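J.:
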Amino acid sequence: MQGRVRGADRHGHAAPRGDREGRRADVERRAAGRDPARDRARDRAKAPYQGLREGTPYRDVRSGRAGERLRKEREEQDRGPDGGRQRPAGRSVGADRGGRPRGEHRPEQRPDDRGPRIDRARTDGRLDSTYYPSRAAQPGADEEIVHDRLEATAVSQEVEGLDFAALGLGAGIVGALGGLGATAPFPIQAAAIPEALTGRDVLGRGRTGSGKTIAFVAPIVEHLLRTRPDGGRTVGRPPRALILAPTRELAMQIDGVTQSIAKAVGIFTTTIVGGVRQGPQERALERGVDILIGTPGRIEDLVEQRILDLGRVEIAVLDEADHMCELGFLEPVQRLLRRARPGSQKLLFSATLDKEVSALAKEFLRDPAILEVAGEDQASGTIEHHVLVVDRYDKDAVLEQLATAAGPVVVFARTRVYAERLAVQMEEAGIRAASLHGDLTQARRQRNLDLLQRGAIDVLVATDVAARGIHVDDVGLVVQADPPDEHKTYMHRSGRTGRAGRVGTVVTVIAPSRRDRMQELLDRAEITAPMVPVGPTDDVLGTIGLLPRIERPRAGA
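Mapping the sequence shown onto the working numbering, position 217 (from 1) lands on 217, and the numbers just tick up by one.
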């Protein structure tokens with residue numbers, strides 16, 4: 001290269017002069033196929049940390065302003081409030097405060113084990129939120145709660161002659177429930193409502209569509225009504241009840257039921273979910289709220305921004321607690337529940353409760369009533385299950401036949417792309433259809449769900465975002481265009497039909513090669529379903545005992 005200094009390397013760096021060892025090292029590096037200049041640069045980068053591996057005190061050998069600034073910062077960190085040294089002399093940066101190397105095992109200690117801590121609010125004094133220690137740090141934490149198997153108290157299905165008033169609910173709430181069509185309690189409601197009204201923690205298990213929402217909403221409203229402070233509504237008051245749901249759709253479904261009951265007796269609610277603007281949610285909190293319903297992510301955001309105070313929450317509910325854990329919400333849920341008032345009541349409800357919620361149960365539930373309806377499972381009741389074995393080339397034609405069944409139909413697909421393609425395919429075949437998946441905005445998802453509820457469309461093609469949270473009373477058929485990967489998903493998809501004692505059918509479409517895997521899944525779900533081979537020329541609806549829909553004229557036809 002023209003102009004390169006003699007003795008310099010290919011990067012233009014001057015080779016070390018007068019240093020026999022350095023030149024000899026460069027020769028050895030080149031013989032090994034390494035770049036001497038690059039090795040020297042790496043050595044210079046390592047120089048400030050040269051004492052760490054030997055356990056000697058940290059020594060910053062960098063010169064200039066950067067090195068001086070770092071040295072001053074470390075000197076200030078090493079000195080305590082009184083000017084004395086806080087870190088023992090000679091301790092390596094790689095050691096902890098006890099002088100042990102980092103990585104050495106230490107007993108687990110969570111920040112919340114250090115006792116109560118006060119988070120100061122904004123300077124305007126708008127909030128004063130308190131962060132309380134977890135129940136594990138409170139008296140009585142030594143009492144082990146074994147929930148690995150979740151041995152529940154079986155509740156008799158015999159509820160004839162019972163009414164909601166006999167469960168302890170007031171006339172106003174009973175009237176509101178009657179307006180929703182709930183004139184007599186379901187078994188899970190008859191079991192859970194009296195326990196919740198006594199202030200006891202509840203762990204409720206019941207199949208999807210068995211009425212769990214009313215089982216926790218009704219006692220919450222009754223409790224808030226009984227303990228409502230005098231003076232009426234106070235602007236800006238923090239919520240006294242918290243209901244957490246894993247998805248926006250489920251949170252909004254719960255809010256619909258809660259509003260119908262709460263407004264009848266003067267209790268105010270609001271919904272806090274992601275995917276929508278935060279401004280209206282802030283204004284709702286400023287007006288004051290009694291019951292807060294939402295998803296963990298957005299609620300925690302508002303708590304961290306000190307817009308929301310959970311320090312006065314007296315009752316906290318987790319709906320679909322197992323799905324919270326599956327979606328990775330375990331830690332956010334734990335942080336939110338720890339902010340509730342000490343000794344607050346906890347209610348956990350789900351269609352499946354197993355080891356995945358043991359961490360929540362052990363930390364937050366104290367002597368809970370573990371309830372499930374005797375003999376109630378997904379195989380019993382009013383839902384029929386069928387498995388259709390279809391060649392992949394005939395699958396689209398079979399799905400189109402299933403989509404023409406009487407009543408609203410919900411079709412589940414594994415991916416968003418496939419859900420969108422199926423919805424378009426149905427429309428091209430003359431079937432009124434829409435899609436519901438995570439790529440749609442929250443407004444569009446709610447709009448498509450409303451279309452199904454109003455009867456404006458006949459088929460909703462959805463991903464598993466809708467496996468929990470869709471509540472349409474008269475869905476007669478659930479079609480699984482893609483079989484689920486686990487039995488829990490199967491159960492929750494199936495729960496979109498046969499709700500509140502109605503008749504429903506679940507049809508799973510599989511390829512011949514998936515027979516064995518499908519049978520294993522059915523066995524785990526304790527479901528018996530016949531596997532029937534069908535083709536595009538067969539009468540698929542007649543095979544599974546369903547009637548075709550009466551065709552209605554399409555708009556503009």
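Here a beta-carbon is modelled for each residue, glycine too, at the ideal position from N, C-alpha and C.
On a predicted model such as this, the values are computed, not experimentally measured, just so you know.
Please report the distance separating the alpha-carbon of I193 from that of I272.
T.: 25 Å
J.: Relative to the C-alpha of Q446, which residue among A251, C325, M426 and Q425 is closest?
T.: Of the candidates A251, C325, M426 and Q425, the one whose C-alpha sits nearest the C-alpha of Q446 is A251.
J.: Assuming S350 is part of the beta strand (DSSP E), what are its boundary residues?
T.: Q345 to S350
J.: Alpha carbons only, please: which of F349, S350 and V357 is nearest the one belonging to R334?
T.: According to the sequence displayed, residue 334 carries Gln and not Arg. Checking every option, the nearest Cα to that of Q334 belongs to V357.
J.: Any idea which residues DSSP pairs A241 with across the strands?
T.: I291 and I315
J.: By the DSSP assignment, the beta strand (DSSP E) with I607 in it spans what residues?
T.: What is shown of the chain runs 1 to 557, which leaves residue 607 out entirely.
J.: Verify whether the separation of the beta carbon atoms of G407 and D474 is less than 7 Å.
T.: Yes. Within cutoff.
J.: Output the distance between the C-alpha atoms of Q480 and L169, rounded to the nearest integer angstrom.
T.: C-alpha separation (whole angstroms): 40 Å.
J.: If you follow the alpha helix (DSSP H) that L197 is part of, which residue opens it and which one closes it?
T.: P187 to L197
J.: Rounded to whole angstroms, what's the CA-CA distance from F329 to E314? Just pull it up for me.
T.: 21 Å
J.: Quick check on V509: buried or exposed, where buried means 16 or more other Cβ atoms within 10 Å of its Cβ?
T.: Buried, since its Cβ has 16 or more Cβ neighbours within 10 Å.
J.: DSSP on Q480, reduced to helix/strand/coil?
T.: The three-state reading of DSSP puts Q480 in strand, counting E and B together.
J.: Would the C-beta of A191 count as close to the ligand SAH, meaning under 6 Å from any of its heavy atoms?
T.: Looking at this structure, you won't find the ligand SAH or any other ligand, since it has none at all.
J.: Using a Cβ-Cβ cut-off of 6 Å (strictly less than) and excluding sequence neighbours within five positions of Y49, which residues of its own chain qualify?
T.: Residue placement at Y49 is flagged as unreliable, the pLDDT there being 44, under the threshold of 50; a coordinate-derived value is accordingly withheld.
J.: Give the DSSP-derived three-state secondary structure of P219 in the structure shown.
T.: helix
J.: Please state whether DSSP places T508 in a helix, a strand or coil.
T.: strand
J.: On a Cα-Cα basis, can you pick out the residue from L302, G236, G311 and S350 that is closest to M324?
T.: S350
J.: Within 10 angstroms of the Cβ of P185, are there 16 or more other Cβ atoms? Answer buried if so, exposed if not.
T.: buried
J.: Out of I299, A429, D538 and P280, which one is the CA nearest neighbour of L388?
T.: D538
J.: DSSP on H386, reduced to helix/strand/coil?
T.: strand
J.: Do I188 and A215 have their C-beta atoms closer together than 7 Å?
T.: Going by C-beta atoms, I188 is nearer than 7 Å to A215.
J.: With H, G and I counted as helix, E and B as strand and the rest as coil, what does DSSP make of F364?
T.: In the structure shown, F364 adopts helical secondary structure according to DSSP, grouped into three states.
J.: Using beta-carbon positions only, say whether A403 and V459 come within less than 7 Å of one another.
T.: yes
J.: Exposed or buried, E104, counting other C-beta atoms within 10 Å across all chains shown (16 or more means buried)?
T.: Reliability fails at E104, whose pLDDT of 41 lies under 50, so the model's placement of it is uncertain and no value is given.
J.: Rounding to the nearest angstrom, what Cα-Cα distance links L449 and Q442 in this structure?
T.: 11 Å
J.: What residue range does the alpha helix (DSSP H) around V333 cover?
T.: Looking at the DSSP string, the run of the alpha helix (DSSP H) that includes V333 is L330 to R338.
J.: On the three-pair Cβ rule with 8 Å, is the stretch 255 to 266 touching the stretch 414 to 434?
T.: no
J.: Between L318 and L242, is the Cβ-Cβ spacing less than 7 Å?
T.: no
J.: Thinking A419 and V461 are a contact (beta carbons under 8 Å), I'd like their distance in whole angstroms, please.
T.: 5 Å
J.: To the nearest angstrom, how far is it from the Cα of L308 to the Cα of P229?
T.: 20 Å
J.: Note down the Cα distance separating V303 from K346, rounded to an integer number of angstroms.
T.: 20 Å
J.: For G275, which option in G438, R29 and A191 has the closest C-alpha, if you only look at C-alpha atoms?
T.: G438
J.: Give me, in chain order, the residues of the same chain whose beta-carbon lies closer than 7 Å to that of H616; leave out the 5 immediate sequence neighbours on both sides.
T.: A query on residue 616 cannot be resolved here, the shown segment of the chain reaching from 1 to 557 and no further.
J.: Take R30 and list the residues in its own chain whose beta-carbon comes closer than 7 Å to its own, dropping the five residues that flank it on each side.
T.: P36
J.: Would you list, in sequence order, the uninterrupted alpha helix (DSSP H) runs of no fewer than 4 residues that lie entirely inside the stretch 386 to 449?
T.: 395 to 403 and 416 to 428
J.: Counting along the chain, where does the alpha helix (DSSP H) carrying L203 start and finish?
T.: Element bounds for L203: not the alpha helix (DSSP H) but the beta strand (DSSP E), V202 to R205.
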